[in-house]
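Taking it in order: structure first as structure tokens, then the write-up.
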Amino acid sequence: MRNNHGEREPLLANSGEPPNGEIGQRGLSSRKLITIVLALGLVFLISSLDETMAAVSAFSIVSQFKAFDLYGWVGISYLVFLNASQPLYAKLSDIFGRKPIILFGVIFLMIGSAGSGWATSMPMFIAARCIAGLGAGGLGGMAFIVVADLVPLDDRPKYQSILATMGGAAFFSGPAIGGVLTEKLSWRWCYWINLPFCLITLVVVLIFLRLPRMEVNLSDGLNKVDFRGALALVLAISCFTIPMSLGGNGWDWNSPPVLSLLLLSIFSCCSFFYIERYHAIEPIVPLRLLKNRNLLAAWGTLFFYQITFVTLFFYLPIWVQVVEGKSPQMAGVQLSPLVGGLVCGGLLYAPLRAVILRLFPAHPPRITLLRLGTLMLITGLLFRSTVTRETPKFIDLSYLSVYGIGAGLTMQTSFVYAQGAVEHQDMAIANSLAVFFQNSGGPIGLAFMGAINRMDLKQRFNQIPSGIVSFDALSSILSDPSLIHKPGFLSDAAREIVIDQFADSISSTLMLTVGFGAAVLVTGLCMRDHEIEEKDPLAEESVES
Numbered sequence: 001m002r003n004n005h006g007e008r009e010p011l012l013a014n015s016g017e018p019p020n021g022e023i024g025q026r027g028l029s030s031r032k033l034i035t036i037v038l039a040l041g042l043v044f045l046i047s048s049l050d051e052t053m054a055a056v057s058a059f060s061i062v063s064q065f066k067a068f069d070l071y072g073w074v075g076i077s078y079l080v081f082l083n084a085s086q087p088l089y090a091k092l093s094d095i096f097g098r099k100p101i102i103l104f105g106v107i108f109l110m111i112g113s114a115g116s117g118w119a120t121s122m123p124m125f126i127a128a129r130c131i132a133g134l135g136a137g138g139l140g141g142m143a144f145i146v147v148a149d150l151v152p153l154d155d156r157p158k159y160q161s162i163l164a165t166m167g168g169a170a171f172f173s174g175p176a177i178g179g180v181l182t183e184k185l186s187w188r189w190c191y192w193i194n195l196p197f198c199l200i201t202l203v204v205v206l207i208f209l210r211l212p213r214m215e216v217n218l219s220d221g222l223n224k225v226d227f228r229g230a231l232a233l234v235l236a237i238s239c240f241t242i243p244m245s246l247g248g249n250g251w252d253w254n255s256p257p258v259l260s261l262l263l264l265s266i267f268s269c270c271s272f273f274y275i276e277r278y279h280a281i282e283p284i285v286p287l288r289l290l291k292n293r294n295l296l297a298a299w300g301t302l303f304f305y306q307i308t309f310v311t312l313f314f315y316l317p318i319w320v321q322v323v324e325g326k327s328p329q330m331a332g333v334q335l336s337p338l339v340g341g342l343v344c345g346g347l348l349y350a351p352l353r354a355v356i357l358r359l360f361p362a363h364p365p366r367i368t369l370l371r372l373g374t375l376m377l378i379t380g381l382l383f384r385s386t387v388t389r390e391t392p393k394f395i396d397l398s399y400l401s402v403y404g405i406g407a408g409l410t411m412q413t414s415f416v417y418a419q420g421a422v423e424h425q426d427m428a429i430a431n432s433l434a435v436f437f438q439n440s441g442g443p444i445g446l447a448f449m450g451a452i453n454r455m456d457l458k459q460r461f462n463q464i465p466s467g468i469v470s471f472d473a474l475s476s477i478l479s480d481p482s483l484i485h486k487p488g489f490l491s492d493a494a495r496e497i498v499i500d501q502f503a504d505s506i507s508s509t510l511m512l513t514v515g516f517g518a519a520v521l522v523t524g525l526c527m528r529d530h531e532i533e534e535k536d537p538l539a540e541e542s543v544e545s
């Protein structure tokens, strides 16, 4: 028996063990499913660790190669290939199967990490980061796709939360590990340390990720790939991601490179849709998806949600280190309610859905959970933006917990809609584009918020009399805020004034995220809670012994 995208049923070899509840619909025991998800979590972990440790080592890298003007490319080179490869990997996994794509991603991440560590020049390092990004593009999104292949629709959030936990662990530990390696050994170890993790992941995936082989030879499979559409799509995404990441931070928004790349992105995007509409035999992105209201709303919800998340994740450590004068390690610890709430929100999806079905049968459970999550997200953002230097820390952290739980419910419910709004044959590309739009919210949100925050901070600094803090000192602080707490750089009175301005500026920036939270609510209201189970083969297929 085959499902809609050509894989034999069941997706995993039947272990012969009795099914355990709903999860047994594919003949898969809970123990084996947890093993599979943990293997996928390891895949997710190494791709997230690579990204977070690279951020910590960036300054040391450009200093050694005397290439500070290329500082932004440490992250951009990775991010461009990560985002650009997402939709293409989804299509390739439909043709060749999920497991080969994951193995391909791990191998390329390993090659890119080794090349980054052994780089002898900045161009060589950037090229290696491009290879690593290409590999990572086949890991994170593919992990969610495999979970969607194996788990019934409304059980997916709790397993996807395991993946989110792995990503959260990378966000927590990555900067600390990267800082220690850079300081005690060398920045190169931030990349070499990936190699044993990649080898372990290869072994785990080969042994435990037991997916069936696709019955297609390499030549026939490659003939199905829309290479012209793939090239146009990669150009469109790359030429959009680069100026969105560097605009206002190295390049002026009205500079020729930014405008040229944006125009090329628009042209490539139009070319892509033309190719998909008139020439592609098997389109990478079927245009029928663009007519799916729930799918478009889910993509928009994830995009705007990610803007709020990355803004908090980026500016809260600045608050802790600059306003409170604490260490980077403490800044990471104080993010725990945010990331912990995000994970808890995903884990709460299934039990809350059961409660709604039992107590409020007239209310559609998914849309109810989405609205509840969005309201909690907005509430957390609104109250966190009112925090001052005098606010007790437990109140501050409680606001982050409210936001985190709401964000977890919102994110997981949006993925449920994205996966359930389409036929299973389109699930991989729908899910990959959901990951793509979520990832795109990061650089776009940080570019926008960074420009607003910097402009606001400059205006606030201009109001400080030069007799209290000199213009040169304020300019230096704008470039390196850690100077605020450098002994002897500012007087005690001047330091308090500058910190107050920093705190007010960050609060104003966080207040803007409330508007993006409202955008999450608006896009969420566009979703309709129809019977998406009818489009989920897991809900209706029986197991073949």
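Residues in the sequence shown are numbered consecutively from 1, following the UniProt record's numbering. Here a beta-carbon is modelled for each residue, glycine too, at the ideal position from N, C-alpha and C.
| request: Figure out for me which residue from F461, L377, C526, I284 has the closest Cα to the Cα of Q501. | output: The shortest Cα separation from Q501 among F461, L377, C526, I284 belongs to F461.
| message | Within the continuous alpha helix (DSSP H) that includes S116, where are the two ends? | response | Its alpha helix (DSSP H) spans residues 98-117.
| said: Quick check on this structure: which residue in A428, I367, I242, I162 has the alpha carbon closest to the alpha carbon of S77? | reply: Of the candidates A428, I367, I242, I162, the one whose C-alpha sits nearest the C-alpha of S77 is I242.
| query | Can you tell me the Cα-Cα spacing of G75 and L357, whole angstroms? | reply | Approximately 45 Å, taken between the alpha carbons.
| query | In three-state terms, what does DSSP make of N439? | reply | Assignment of N439 by DSSP, reduced to helix, strand and coil, places it in the helix class.
| request: Please go through the region 296-349 and give each complete beta strand (DSSP E) segment of 3 or more residues, from N-terminal end onward. | output: Runs of the beta strand (DSSP E) inside the region 296-349: none found.
| message | Short of 7 Å in beta carbon distance, which residues of its chain neighbour G340, apart from the five on each side in sequence? Order them along the chain. | response | Cβ within range, chain order: G404.
| query | Can you tell me where the alpha helix (DSSP H) with M527 in it begins and where it stops? | reply | M527 -> no alpha helix (DSSP H), and no H or E assigned at all.
| In angstroms, rounded to a whole number, what distance separates the CA positions of M527 and G138? | Distance between the alpha carbons of M527 and G138: 29 Å.
| message | List, from N- to C-terminal side, the alpha helix (DSSP H) runs of 4 residues or more that fit wholly inside the region 240-293. | response | Taken in chain order, the complete alpha helix (DSSP H) segments of 4 residues or longer contained in the region 240-293 are 256-278.
| task | Evaluate A354 with the Cβ neighbour count: other Cβ atoms within 10 Å of its Cβ, from every protein chain shown; 16 or more gives buried, anything less gives exposed. | result | Flag for A354 reads exposed.
| request: Assign L492 to buried or exposed, taking buried as 16 or more other Cβ atoms, counted over all protein chains shown, within 10 Å of its Cβ. | output: Reading off the sequence, residue 492 comes out as Asp, not Leu. Exposed is the call here.
| Cutoff 6 Å; reference I107; Cβ partners in own chain excluding five residues on either side | Apart from the 5 residues on each side of it in sequence, I107 has no Cβ closer than 6 Å to any other Cβ in its chain.
| message | For the ligand MN, is there any heavy atom lying closer than 7 Å to the beta carbon of I162? | response | Within the structure as shown, the ligand MN is missing, as the structure has no ligands at all.
| task | On a CA-only basis, which of G178, L377, I266, K184 is nearest S233? Give me that one, please. | result | For clarity, residue 233 is Leu in the given sequence; the question names Ser instead. When only C-alpha atoms are compared, the closest one is I266.
| field | Backbone secondary structure at A362 - three-state DSSP | value | DSSP places A362 in coil when its eight states are reduced to three.
| request: Jot down the residue ranges of each uninterrupted beta strand (DSSP E) in the region 374-431, minimum 3 residues, whole runs only, in chain order. | output: Given a length threshold of 3 residues, the region 374-431 has no whole run of the beta strand (DSSP E) inside it.
| message | Using only the alpha-carbon positions, how far apart do E390 and I193 sit? | response | Between E390 and I193, the C-alpha separation is close to 41 Å.
| request: Count the other CB atoms, across all protein chains shown, that sit within 10 Å of the CB of A418; report buried if there are 16 or more and exposed otherwise. | output: Buried is the label assigned to A418, since at least 16 other Cβ atoms lie within 10 Å of its Cβ.
| message | Rounded to whole angstroms, what is the Cα-Cα separation between L525 and Q412? | response | If I take the Cα positions, the gap works out to 16 Å.
| request: Give every residue of the same chain whose Cβ lies closer than 6 Å to the Cβ of V522, excluding the five residues on either side of it in the sequence, and list them in chain order. | output: The answer is none, since no qualifying residue turns up.
| Beta carbon of R236, beta carbon of F208: below 8 Å? | The sequence given here places Ala at residue 236; Arg does not occur at that position. Between A236 and F208, the C-beta spacing is not below 8 Å.
| query | With respect to the alpha helix (DSSP H) encompassing R129, which residues constitute its N-terminal and C-terminal limits? | reply | Here the alpha helix (DSSP H) through R129 covers 122-136.
| said: Just verifying my parser: in three-state terms, what is the DSSP assignment at I188? | reply: The sequence given here places Arg at residue 188; Ile does not occur at that position. In the structure shown, R188 falls within a coil segment according to DSSP collapsed to helix, strand and coil.
| query | What is the DSSP secondary structure of F81, counted as helix, strand or coil? | reply | Correct three-state label for F81: helix.
| message | Spatial neighbours of A143 within its chain, please: C-beta separation below 7 Å, excluding the five flanking residues on both sides. | response | Counting only residues of its own chain and dropping the five nearest sequence neighbours on each side, A143 has a CB closer than 7 Å to the CB of L40, V43, F44, L163.
| Does DSSP classify P152 as helix, strand or coil? | Reduced to three states, the DSSP call for P152 is coil.
| query | In whole angstroms, what separates the C-alpha of V146 from that of L296? | reply | Here the C-alpha atom of V146 lies approximately 22 Å from the C-alpha atom of L296.
| request: Apply the 10 Å Cβ neighbour rule to A434 and answer buried if 16 or more other Cβ atoms are within range, or exposed otherwise. | output: With 16 or more other Cβ atoms within 10 Å, it is buried.
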